[in-house]
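Now the structure itself:
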């Protein structure tokens, strides 16, 4: 099996799909690993690092794409139309982040080109797939970095300091959404000495918030049906959100730093903070909106920008996980490695077991067909009648 690691096409992307340690594991498994020259250099991994573990460095991108049977990327290269020439070729495997729920038409393009594609965002949230969960890995990085971003902007320091010149009170930090990113943000802010509070619509999140040293904020809302499949928060109705905002206004008015992380897979981010709520916050307060890519949790957020409104700085980070590329690549590379090993036989061949939850949840396209049921629904395609063989060997 020949596995390729390409240089990322996006100008602001410093991560690499797999690091030398991951390549070494696959080579020991009997695979040949091709690495595009300088693919890992922005993440701190040189071509020589890959050569040392036995990978082959390929100077020409097209040569790598032609030779490799499996292409691994952080962000799968996009196409704009079904007729546009794609980097990939028929019967090739492509694995990476591809925003399939946000851009389902990409799945259709890949299918028409006969490409077998698997989206790392769709890894199911089951115990045996945790080591492949790229969203959780990147959310961990994002939550950590969000706290540091806020610290660099906030006019107050996080910890309490008692000095000869007087006592400095600690910053108050509020986390909205206690998923992986939110919990990591809470833990990081706590370690930096902030007074940390957090809120999540899911009742089950209370104990998790407390476990990282934060105080769980509870609002007088009916949240009995707030948790959906896989532990994600479910989208709530406008009446619920309106009441939530009313109760949250007083909480926000006391905060120095607010980090929002509430996102619904494949849907627009819920607006948790309105312009009116921002106007009642402290002057000098900071909002880091980690949900900005889907519109943001704050009504005023602009993705990829830092703006000021009513004396409050609002940041909508772009590719925040990619801003810590070395460790982000380590985590993501391990996710990719584990998925590849899950799909490989002892002889190194790649197979799809259509009875496997991981395959069912992650497979986007295969043999000319959009496979994932949710993507088929978004594209207006009929429900797929699975007549595939249980095991389909590719190499």
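Residue numbers (this note's numbering): 436 to 830. Think of the CB as a built atom: it goes at the ideal place given N, C-alpha and C, for glycine as much as any other residue.
Among the options, nearest to residue i - alpha-carbon criterion
i: residue 450; options: 472, 591 and 480; result: 480
i: residue 604; options: 610, 613, 593 and 612; result: 593
i: residue 637; options: 608, 813, 776 and 698; result: 698
i: residue 641; options: 623, 614 and 628; result: 614
i: residue 756; options: 644, 572, 471 and 627; result: 572
i: residue 787; options: 539, 609, 497 and 553; result: 553
i: residue 721; options: 583, 643, 441 and 530; result: 583
i: residue 478; options: 820, 492 and 766; result: 766
i: residue 623; options: 639, 653, 801 and 576; result: 576
i: residue 621; options: 580, 802, 768 and 655; result: 580
i: residue 628; options: 600, 586, 617 and 651; result: 586
i: residue 533; options: 650, 469 and 798; result: 798
i: residue 773; options: 567, 454 and 717; result: 567
i: residue 701; options: 458, 548, 810 and 463; result: 810
i: residue 673; options: 652, 497 and 705; result: 705
i: residue 492; options: 482, 498 and 500; result: 482
i: residue 561; options: 505, 723 and 794; result: 794
i: residue 735; options: 686, 678, 690 and 708; result: 708
i: residue 770; options: 497, 753 and 460; result: 460
i: residue 500; options: 685, 744, 441 and 806; result: 441
Buried versus exposed call for residue i [16 or more other C-beta atoms within 10 Å across all chains shown]
i: residue 663; result: Legend: pLDDT at residue 663 = 49, less than 50; position of this residue unreliable, no value from coordinates given.
i: residue 598; result: exposed
i: residue 602; result: exposed
i: residue 703; result: exposed
i: residue 635; result: buried
i: residue 760; result: buried
i: residue 727; result: buried
i: residue 812; result: exposed
i: residue 590; result: exposed
i: residue 815; result: exposed
i: residue 714; result: exposed
i: residue 495; result: exposed
i: residue 681; result: exposed
i: residue 776; result: exposed
i: residue 694; result: buried
i: residue 487; result: exposed
i: residue 474; result: buried
i: residue 565; result: exposed
i: residue 526; result: exposed
i: residue 646; result: exposed
i: residue 819; result: exposed
i: residue 612; result: buried
Cβ separation of residue i and residue j, assumed to be a contact under 8 Å, to the nearest whole Å
i: residue 503; j: residue 437; result: 5 Å
i: residue 452; j: residue 508; result: 5 Å
i: residue 556; j: residue 535; result: 7 Å
i: residue 731; j: residue 751; result: 6 Å
i: residue 465; j: residue 783; result: 4 Å
i: residue 546; j: residue 768; result: In fact, because the Cβ distance is near 27 Å, the residues do not count as touching under 8 Å.
i: residue 690; j: residue 607; result: 5 Å
Three-state secondary structure assigned by DSSP to residue i
i: residue 732; result: coil
i: residue 715; result: coil
i: residue 602; result: strand
i: residue 510; result: strand
i: residue 449; result: coil
i: residue 469; result: strand
i: residue 474; result: coil
i: residue 613; result: coil
i: residue 809; result: helix
i: residue 607; result: strand
i: residue 440; result: strand
i: residue 650; result: strand
i: residue 642; result: helix
i: residue 685; result: helix
i: residue 822; result: Caution applies to residue 822, whose pLDDT of 45 falls short of 50 and renders its modelled position unreliable; the value that the coordinates give is listed next. In the structure shown, residue 822 sits in coil (DSSP, three-state: anything other than H, G, I, E or B).
i: residue 627; result: coil
i: residue 593; result: coil
i: residue 738; result: strand
i: residue 772; result: helix
i: residue 816; result: coil
i: residue 571; result: helix
i: residue 801; result: strand
i: residue 695; result: strand
i: residue 636; result: coil
i: residue 757; result: helix
i: residue 706; result: coil
i: residue 720; result: coil
i: residue 582; result: helix
i: residue 454; result: coil
i: residue 725; result: coil
8 Å Cβ cutoff, residue i in contact with chain D
i: residue 716; result: As a matter of chain content, chain D is missing from the structure shown, which is built from one protein chain.
Residue i CB to nearest heavy atom of the ligand ZN below 7 Å
i: residue 608; result: The model depicted lacks the ligand ZN and carries no ligand whatsoever.
Item to check | Every unbroken beta strand (DSSP E) within the stretch 478-565, with a cutoff of 3 residues, ordered by chain | outcome: 491-493, 505-510, 528-532 and 551-554
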